[in-house]
Each structure stands twice: as structure tokens, then as C-alpha cells.
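Undergrad:
2 protein chains.
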Amino acid sequence: MPTQPGPRHNARGQARREEIVRAAIEVIAERGYRGASLSAVAEKVGLTQQGLLHYFPSKEDLLIGVLLLRERWDTGGRDIVSEPMSMAATVGVVDANAHREAIVRTFSALLGESVTEDYPAADYFRRRYRRVREAIAATLRTEWGDRLPTGLTPEEAAPLVVAIMDGLQFQWLHEPENLDMPAAFRAFVHLLDPDFAVPDPAAPESESGA
Amino acid sequence: MPTQPGPRHNARGQARREEIVRAAIEVIAERGYRGASLSAVAEKVGLTQQGLLHYFPSKEDLLIGVLLLRERWDTGGRDIVSEPMSMAATVGVVDANAHREAIVRTFSALLGESVTEDYPAADYFRRRYRRVREAIAATLRTEWGDRLPTGLTPEEAAPLVVAIMDGLQFQWLHEPENLDMPAAFRAFVHLLDPDFAVPDPAAPESESGA
Numbered sequence: 001m002p003t004q005p006g007p008r009h010n011a012r013g014q015a016r017r018e019e020i021v022r023a024a025i026e027v028i029a030e031r032g033y034r035g036a037s038l039s040a041v042a043e044k045v046g047l048t049q050q051g052l053l054h055y056f057p058s059k060e061d062l063l064i065g066v067l068l069l070r071e072r073w074d075t076g077g078r079d080i081v082s083e084p085m086s087m088a089a090t091v092g093v094v095d096a097n098a099h100r101e102a103i104v105r106t107f108s109a110l111l112g113e114s115v116t117e118d119y120p121a122a123d124y125f126r127r128r129y130r131r132v133r134e135a136i137a138a139t140l141r142t143e144w145g146d147r148l149p150t151g152l153t154p155e156e157a158a159p160l161v162v163a164i165m166d167g168l169q170f171q172w173l174h175e176p177e178n179l180d181m182p183a184a185f186r187a188f189v190h191l192l193d194p195d196f197a198v199p200d201p202a203a204p205e206s207e208s209g210a
Numbered sequence: 001m002p003t004q005p006g007p008r009h010n011a012r013g014q015a016r017r018e019e020i021v022r023a024a025i026e027v028i029a030e031r032g033y034r035g036a037s038l039s040a041v042a043e044k045v046g047l048t049q050q051g052l053l054h055y056f057p058s059k060e061d062l063l064i065g066v067l068l069l070r071e072r073w074d075t076g077g078r079d080i081v082s083e084p085m086s087m088a089a090t091v092g093v094v095d096a097n098a099h100r101e102a103i104v105r106t107f108s109a110l111l112g113e114s115v116t117e118d119y120p121a122a123d124y125f126r127r128r129y130r131r132v133r134e135a136i137a138a139t140l141r142t143e144w145g146d147r148l149p150t151g152l153t154p155e156e157a158a159p160l161v162v163a164i165m166d167g168l169q170f171q172w173l174h175e176p177e178n179l180d181m182p183a184a185f186r187a188f189v190h191l192l193d194p195d196f197a198v199p200d201p202a203a204p205e206s207e208s209g210a
């Protein structure tokens with residue numbers, strides 16, 4: 001017996017979900033990760049907390065919605081395995097992250113929680129890591145072919161790129177004044193290839209510039 | 001008016017604290033990070049939960065006790081800034097971590113929690129990062145002097161070493177079968193210096209061998 005399509009599955013429901021996720025990002029920016037309550041988000045979009053639970057059954061589900069939206073911003077919605085980003089664009093993502101502390105904090109806090117037992121969203125991170133490593137390997141292959149200048153294959157180097165991005169975020173969240181995250185990521189790209197021309201963050205963006 | 005030294009401050013109290021921390025490690029190994037309860041640890045050492053709180057006021061305090069003991073194992077108790085470890089010994093720490101999943105999980109879960117607002121142990125991680133970056137810079141300087149082969153200074157490379165170690169642990173905890181953590185760390189050392197002779201994990205240890 002088929003059930004009625006719920007609000008999560010039709011176009012209007014999808015738009016509503018995105019509106020809720022955007023409200024959640026505002027609430028996290030204002031009150032931080034831990035202070036962000038479902039009721040504050042519900043109030044912002046004119047729903048009761050019960051109404052919100054219809055779209056996101058738990059706070060974790062909503063926070064993962066935040067992370068999924070962030071991914072779409074980073075990639076412009078394209079499949080980054082079949083259409084890899086350039087290394088310059090990857091550097092740009094790290095630059096952008098240094099200006100969106102609330103989202104980075106949400107990601108890092110959820111990542112930590114994801115390794116505790118029976119965490120319901122562990123699967124999200126497992127699948128995400130597979131996909132991100134694959135996408136980064138595709139980026140490295142686009143840029144350098146089947147061997148990087150140091151002799152590593154894209155598949156050997158990809159987990160290192162991902163680890164650097166995740167690991168630097170923790171150091172940066174603890175002491176932003178003591179860790180220049182974009183500079184540190186550029187230093188890592190220099191390890192991958194000393195001759196790689198890393199874009200300068202101070203220069204105007206070529207895509208949006210004249 | 002001086003107070004009596006409490007159980008946390010005398011030698012017997014210190015020995016008791018260490019006994020409790022060792023019991024906590026056993027409980028975490030058996031039941032996982034989240035399943036590790038103060039009452040289970042108290043029972044193992046013949047204390048009431050109230051008695052345990054005398055030594056460790058909260059579960060977080062006890063878990064940080066676990067991390068501090070792990071650090072002492074890694075370093076043999078020496079000051080690793082004034083007496084830096086070799087790069088080979090650092091590689092050995094990563095090899096050892098791949099055989100103590102429970103402690104790595106505790107560290108990673110607490111690291112995630114440490115970036116949430118008002119987390120009481122955030123200070124532990126802030127101080128730890130400063131000290132670990134300083135220690136790794138000292139290790140890099142011992143091995144390569146004031147410039148690594150790629151031109152980075154020890155201070156520029158140190159945050160990258162720390163980020164790789166922390167970041168690889170998250171990928172490894174999620175899918176140990178898809179990420180060979182010791183091999184990935186060796187690939188990173190190869191980026192630092194393609195000519196560096198990284199010790200082989202299968203070879204007998206020279207320090208303990210014949």
C-alpha cells in the first residue's frame with residue numbers, strides 16, 4: 001500500500017528543507033554549535049519544533065543538512081569525481097573556510113562525534129571520506145597525471161590532502177591567531193610540487209574579475 | 001590556613017590516579033568510548049562512583065587522564081622539546097597508534113568535542129597543540145636543520161605533521177580496511193624528504209633487537 005509522499009520528498013518540501021538549513025546556519029553563526037537549538041531554528045522559519053522534526057528528525061540530521069549544503073556551495077553542485085576541481089579551486093575552498101568559522105566548527109564537532117560508538121551519522125562520514133578521497137585523487141590526476149613530482153600516485157596522495165584539510169581545521173579553531181590555515185595549506189601544496197603556482201589570496205579572482 | 005593535601009596531590013594519590021586511568025583504558029577497550037561509564041571504572045578499582053569523583057571530577061577529566069598517560073608512553077616521559085624525538089621514532093608512534101584503536105578513538109572524540117562552545121577541556125587541547133607543534137619543529141630541526149629539502153622551515157612544516165597525524169586518524173577510524181595509516185604517514189614523510197630512510201615496520205626494532 002503506497003503511502004502519501006511526505007514533505008521530504010516533493011519539490012516544495014525540498015525548498016522548505018533548504019530554508020530550514022539556511023536558518024540553522026544563521027543560528028549556528030549567532031549562538032555556536034552547541035547553543036544552536038532546534039527550537040531556535042524552528043522559530044526562525046515560523047515552524048513549531050514538532051513541525052521541524054517532520055523535516056529533520058534530530059539535531060544531527062539538521063547539522064548534516066548544513067554540511068551537505070556547504071558541499072554544494074564548494075562544488076557548485078557538480079559531480080567532482082567525473083568533473084574534478086582544479087588544485088587552485090581546492091586552495092580556494094581552504095581560503096573560503098577561513099572565513100566561515102561556524103560551518104567549519106560544525107563539521108569538526110560532528111566529525112569528532114562520528115567516531116563514538118553507535119553514532120547514527122557515522123555512515124555519512126564514511127561515505128563522504130570515500131567520495132572526497134576519490135574526488136581529490138581526480139583533482140591530483142588532472143593536475144599532475146599518474147605520478148606527482150615526488151613519485152606518489154594520486155591515490156596515495158589523496159588521503160594526505162584530506163587529512164591536512166581536516167587536521168588544520170582543528171588547530172585553527174583552537175588558535176586562529178597562531179595558525180594561518182590558508183598559508184599552511186599552501187605550504188602543503190608546495191610539498192606536493194615545489195613548482196606549482198599557487199594562487200595568491202590577495203590577488204583579484206580571475207573568474208569574477210575583469 | 002593551609003588545607004590537608006588531598007588525594008590528588010600526594011604520592012599515594014598519584015599512584016591511585018594512575019591505577020584509575022589504567023582501568024579506564026581497559027573499560028574503553030572493552031566497551032568503547034561512549035559506553036565507558038565512571039561506575040564501570042570505579043568498580044574495576046574497588047571504589048564507589050563518589051570515591052572516583054574525588055580523583056576525577058568528571059568523565060572528561062578521566063579521559064584527559066587517559067590521553068596524558070598515552071603521551072607519557074609515547075615520549076618515555078622526557079621533555080620532547082628540549083630532547084626531541086627522531087623522525088623514525090615519530091613514525092613509530094603512528095605505527096603504535098594503528099595497534100591501539102581505543103585510545104586513538106578517545107583522543108579523536110575528545111578533539112571533536114573540544115571545538116564546541118564552553119567545552120571545559122578546550123584548554124588542554126590548546127596547550128597540547130602549542131607544545132606538540134613546538135616538539136615536532138624540534139624533531140624536524142634535529143633531522144634537517146633550519147630548512148627542509150623542500151625549503152620549508154621546521155616551524156612551517158610542524159603544523160602539517162600534526163594535521164596529518166590527527167586527520168589520518170579520523171579516516172582510519174572510519175574505515176581501517178581502506179586506509180593503511182602507517183603507510184600513509186610514510187608517504188607524507190616521503191613528501192618532506194624523498195631521500196629520508198623511513199624505518200620498515202616489519203623489520204626488528206634496532207633499540208630492542210640484538
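In order, the protein sequences belong to chains A and B. Each step along the first sequence adds one to the number in UniProt numbering, with nothing skipped, and position 56 is 56. Each step along the second sequence adds one to the number in UniProt numbering, with nothing skipped, and position 92 is 92. Ideal placement from N, C-alpha and C gives every residue a C-beta, glycine not left out. It should be emphasised that the depicted structure is a prediction, and the values quoted were computed from it without experimental measurement.
Pull up the distance between the alpha-carbon of A/TRP144 and that of A/ALA157, whole angstroms please.
TA: 11 Å
Undergrad: Figure out for me which residue from A/ARG31, A/GLU26, A/VAL81 and A/LEU168 has the closest Cα to the Cα of A/ARG130.
TA: Residue nearest to A/ARG130 within the set A/ARG31, A/GLU26, A/VAL81 and A/LEU168 is A/VAL81 (criterion: CA-CA distance).
Undergrad: To the nearest angstrom, report how far apart B/THR139 and B/ALA183 are at their CA atoms.
TA: If you draw a straight line from the Cα of B/THR139 to the Cα of B/ALA183, it is about 20 Å long.
Undergrad: Would the segment 167-186 of chain A count as touching the segment 90-98 of chain A if we require 3 or more Cβ pairs under 8 Å?
TA: yes
Undergrad: Using beta carbons (cut-off 9 Å, strictly below), is A/ASN178 in contact with chain B?
TA: For A/ASN178, the answer is yes, since a Cβ of chain B falls inside 9 Å of its Cβ.
Undergrad: Please report the straight-line C-alpha distance between A/ASP79 and A/ARG126, rounded to a whole angstrom.
TA: 18 Å
Undergrad: Does A/ASP123 pass the burial test, meaning 16 or more other C-beta atoms within 10 Å, or should it be called exposed?
TA: exposed
Undergrad: CB A/VAL27 to CB A/ALA40, shorter than 9 Å?
TA: yes
Undergrad: Secondary structure at B/MET85, three-state DSSP: helix, strand or coil?
TA: In the structure shown, B/MET85 adopts coil according to DSSP, grouped into three states.
Undergrad: Taking CB distances under 9 Å as the criterion, tell me whether B/ILE164 reaches chain A.
TA: yes
Undergrad: Note down the Cα distance separating A/SER114 from A/LEU52, rounded to an integer number of angstroms.
TA: 23 Å
Undergrad: Nearest chain B C-beta to A/ASP146 closer than 9 Å, yes or no?
TA: Contact with chain B is absent for A/ASP146, since none of that chain's Cβ atoms lies less than 9 Å from the residue's Cβ.
Undergrad: Does the Cβ of A/SER108 have 16 or more other Cβ atoms within 10 Å, making it buried, or fewer, making it exposed?
TA: buried
Undergrad: Are B/THR150 and B/LEU110 touching if we call contact CB-CB under 9 Å?
TA: no
Undergrad: Output yes if chain A places a C-beta closer than 9 Å to the C-beta of B/ASN151; else output no.
TA: Per the sequence shown, residue 151 of chain B should be read as Gly rather than Asn. True, the Cβ-Cβ gap to chain A drops below 9 Å.
Undergrad: Using a C-beta to C-beta distance shorter than 7 Å, which residues of chain A count as neighbours of B/TYR33?
TA: THR116 and GLU117
Undergrad: Would DSSP call B/HIS190 helix, strand or coil?
TA: helix
Undergrad: How would you label B/ALA197, buried or exposed, when you count the other beta carbons within 10 angstroms and need 16 or more for buried?
TA: exposed
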